[in-house]
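Quick note on my numbering: the sequence shown kicks off at 4 and runs consecutively. Ideal Cβ placement from N, Cα and C applies to all residues, glycine included.
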Amino acid sequence: MCKALGDPYRIKMLEYIRQNPEWTQCTAITENFNLAQSTVSHHLKQLVDVDLVVAEKEGRCTKYKINNDAFAEYVEYLKCFQG
Numbered sequence: 004m005c006k007a008l009g010d011p012y013r014i015k016m017l018e019y020i021r022q023n024p025e026w027t028q029c030t031a032i033t034e035n036f037n038l039a040q041s042t043v044s045h046h047l048k049q050l051v052d053v054d055l056v057v058a059e060k061e062g063r064c065t066k067y068k069i070n071n072d073a074f075a076e077y078v079e080y081l082k083c084f085q086g
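If you want it as structure tokens, here you go:
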């Protein structure tokens, strides 16, 4: 999970997806970033693989939303390192 959060583009994508409380279409994400569609897909796959983002196929496209439960668990885990 730390590795997935270590890329600035992934952080920006998470912020972009978070702005929409419902689902965010893959085309909207691709259009928002100055990256190739394949690069955006790669970054999104990394986020999905660690459960930070949920993906759902819709026709030929995929839509995404933040996995709030995974973020809450990660925050709780990080709290054990507080002094």
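For a quick check, are the C-beta atoms of residue i and residue j less than 7 Å apart?
| i | j | result |
| --- | --- | --- |
| M4 | V53 | yes |
| L55 | N70 | yes |
| N37 | Y19 | no |
Measure the alpha-carbon distance for residue i versus residue j and round it to whole angstroms.
| i | j | result |
| --- | --- | --- |
| R13 | T42 | 11 Å |
| N23 | Y80 | 26 Å |
| Q49 | K6 | 9 Å |
| A73 | L8 | 13 Å |
| Q28 | V51 | 14 Å |
Does DSSP put residue i in a helix, a strand or coil?
| i | result |
| --- | --- |
| A58 | strand |
| C64 | strand |
| Q22 | coil |
| Q49 | helix |
| Q85 | coil |
| M16 | helix |
Does the ligand NAP have even one heavy atom less than 6 Å from the beta-carbon of residue i?
| i | result |
| --- | --- |
| V78 | Inclusion of the ligand NAP in the displayed structure is not the case, the ligand content being empty and no account of it being possible. |
The alpha helix (DSSP H) that contains residue i, what's its start and end?
| i | result |
| --- | --- |
| D10 | First-last for D10: undefined, no H or E at that position. |
| L81 | N71 to K82 |
| A31 | C29 to N35 |
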